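Colleague: Before I ask anything, here is the structure I am working with.
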Amino acid sequence: IWVGPGGARAASAGAFITMAADIAAMAEGTNIGSSTPISLGPSEGEQPDKDDPARKKIMEFVASEARKIAEKRGRSKEWAEKFVLEGKSLTAHEALENNIINLIANTREDLLTRLDGYELQRDGQTIRLQTSGVPIKVYERTLKEQVMNYLADPNVVYLLLTIGIYALIAEFFTPGFGVGIGGAICLLLALLGLQVLPFNVAGLAFILLGAALMIIDLFTPTHLALTVGGVISLLIGSFMLFDIKSFEAPALSISPINIFVTVGTITAIFVFMVTKGLLIQRKPVATGKEGMIGAVGTARDELNPTGMVFVQGEYWLAEAIDGPIKPGESVRVERIENSKLIVRRT
1040 IWVGPGGARA
1050 ASAGAFITMA
1060 ADIAAMAEGT
1070 NIGSSTPISL
1080 GPSEGEQPDK
1090 DDPARKKIME
1100 FVASEARKIA
1110 EKRGRSKEWA
1120 EKFVLEGKSL
1130 TAHEALENNI
1140 INLIANTRED
1150 LLTRLDGYEL
1160 QRDGQTIRLQ
1170 TSGVPIKVYE
1180 RTLKEQVMNY
1190 LADPNVVYLL
1200 LTIGIYALIA
1210 EFFTPGFGVG
1220 IGGAICLLLA
1230 LLGLQVLPFN
1240 VAGLAFILLG
1250 AALMIIDLFT
1260 PTHLALTVGG
1270 VISLLIGSFM
1280 LFDIKSFEAP
1290 ALSISPINIF
1300 VTVGTITAIF
1310 VFMVTKGLLI
1320 QRKPVATGKE
1330 GMIGAVGTAR
1340 DELNPTGMVF
1350 VQGEYWLAEA
1360 IDGPIKPGES
1370 VRVERIENSK
1380 LIVRRT
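Here my numbering runs 1039 ahead of the position in the sequence shown, where the first position is 1.
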């Protein structure tokens, strides 16, 4: 195992893997260590409970694994233990001095040069390495591996999941708009990501429940009550979707900013849609005779007080209530009495 180039580090499980190698090498400017299980660390603003029996038990187990690995490869058991129990780290030169690594090499070519003629024991036999002039072949990630690497980020999976769900909802209300195709793709990618991440089924259920409540509120006059319930359910599901304690790094969790921005955007859209629907329901009926109220037309005859007017493409018998109206003058419908329009001059 080679830890490099400069600036790289072998932390957490990386320190275990490096110590377990037959030959461990590091470049200058790198470090190794800090292998305390992060899932055992305190929450933000809390102090660690060093006397917690469960914490002690797990820490001792991980430390014993580190000592076992170091002992098998002839490395410093004391420093391997410090990596776990104290979270210590060593630079490349310190690691070499304390028998954690075998050599220092700044480049891969330098590593092969230094390894040439190096002897190691394997299954009771001495093996001499011949690495001088050996070509180096770099294996790049395939497209599939790159996609899976992105899908291993809970933030990406969360965005794909929410976009997919609500894009399909938008397609349901506006068929033919085309967002459904993109939504389906996002949803499939999210499901693929959920296969490689330890997600909480209850969290996913809360997210789906939140979407369902918001949809129902579009069809029922609850005055945003169901939307509020949907937002609460969506927030609960978002924070529950991934269990941070099951990860080895705190970065592998959904950012609270991501959650609040996403939920806030969805909430704003649904509040707008529900409010607009309520306003439409409260508007006066715009069809039939009731839809004539307030309509503007033109007098065809002299209204003194009755005559014919042309309103909304039809001729109507009308009666003027504000004095005679000459032909061609504009009139507005005030009310309807027995199929006769009551109008006034505009």
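Note that beta-carbon positions come from the ideal geometry of N, C-alpha and C, so glycine has one too.
No experiment lies behind these values; they were computed from the predicted model shown.
(1) Tell whether a beta-carbon distance below 8 Å holds between Val-1101 and Ile-1071.
(2) Leaving out five residues before and five after Ala-1050 in sequence, what residues of the same chain have Cβ atoms less than 8 Å from its Cβ?
(3) Kindly confirm or deny that the segment 1168-1178 and the segment 1187-1199 touch, where touching means at least three C-beta pairs closer than 8 Å.
(4) Would you grab the beta carbon distance between Ala-1131 and Ala-1119 for me? Rounded to a whole angstrom, and I think it's under 8 Å.
(5) Which class does Tyr-1157 belong to by DSSP, given the choice of helix, strand or coil?
(6) So, using beta-carbon positions, are Met-1347 and Phe-1309 closer together than 8 Å?
(7) CB-CB under 8 Å to Ile-1332, same chain, minus the five flanking residues each way: which ones, in chain order?
(8) At which residues does the beta strand (DSSP E) containing Gln-1169 begin and terminate?
(9) Leaving aside the five residues before and after Gln-1086 along the sequence, list all residues of the same chain whose C-beta is less than 7 Å from its C-beta, in chain order.
(10) Which residues in the same chain have their Cβ closer than 6 Å to the Cβ of Asn-1377, if we skip the five residues on either side of it in sequence?
(11) Just verifying my parser: in three-state terms, what is the DSSP assignment at Gln-1164?
(12) Please report how far the alpha carbon of Asn-1138 lies from the alpha carbon of Glu-1148, in whole angstroms.
(13) Could you check what DSSP says for Ser-1128 in three-state terms: helix, strand or coil?
(14) Take Ala-1063 and list the residues in its own chain whose beta-carbon comes closer than 6 Å to its own, dropping the five residues that flank it on each side.
(15) Whose CA, out of Leu-1280, Leu-1248 and Asn-1343, lies closest to the CA of Val-1270?
(16) Is Ala-1357 closer than 8 Å to Thr-1345 when the C-beta atoms are compared?
Modeller: Taking the definition as stated:
(1) no
(2) Asn-1070, Ile-1071, Gly-1072, Ser-1073, Ser-1074 and Ser-1128
(3) no
(4) With a Cβ gap of about 17 Å, Ala-1131 and Ala-1119 do not count as contacting.
(5) coil
(6) no
(7) Pro-1323, Val-1372, Glu-1373, Arg-1374 and Ile-1375
(8) Here Gln-1169 belongs to no beta strand (DSSP E), and DSSP marks it neither H nor E.
(9) Only weak support exists for where Gln-1086 lies, its pLDDT of 45 falling under 50; the value from the coordinates is given anyway. Here the set comprises nothing.
(10) none
(11) strand
(12) 23 Å
(13) strand
(14) Ile-1040, Thr-1057, Ile-1140 and Asn-1141
(15) Leu-1248
(16) yes
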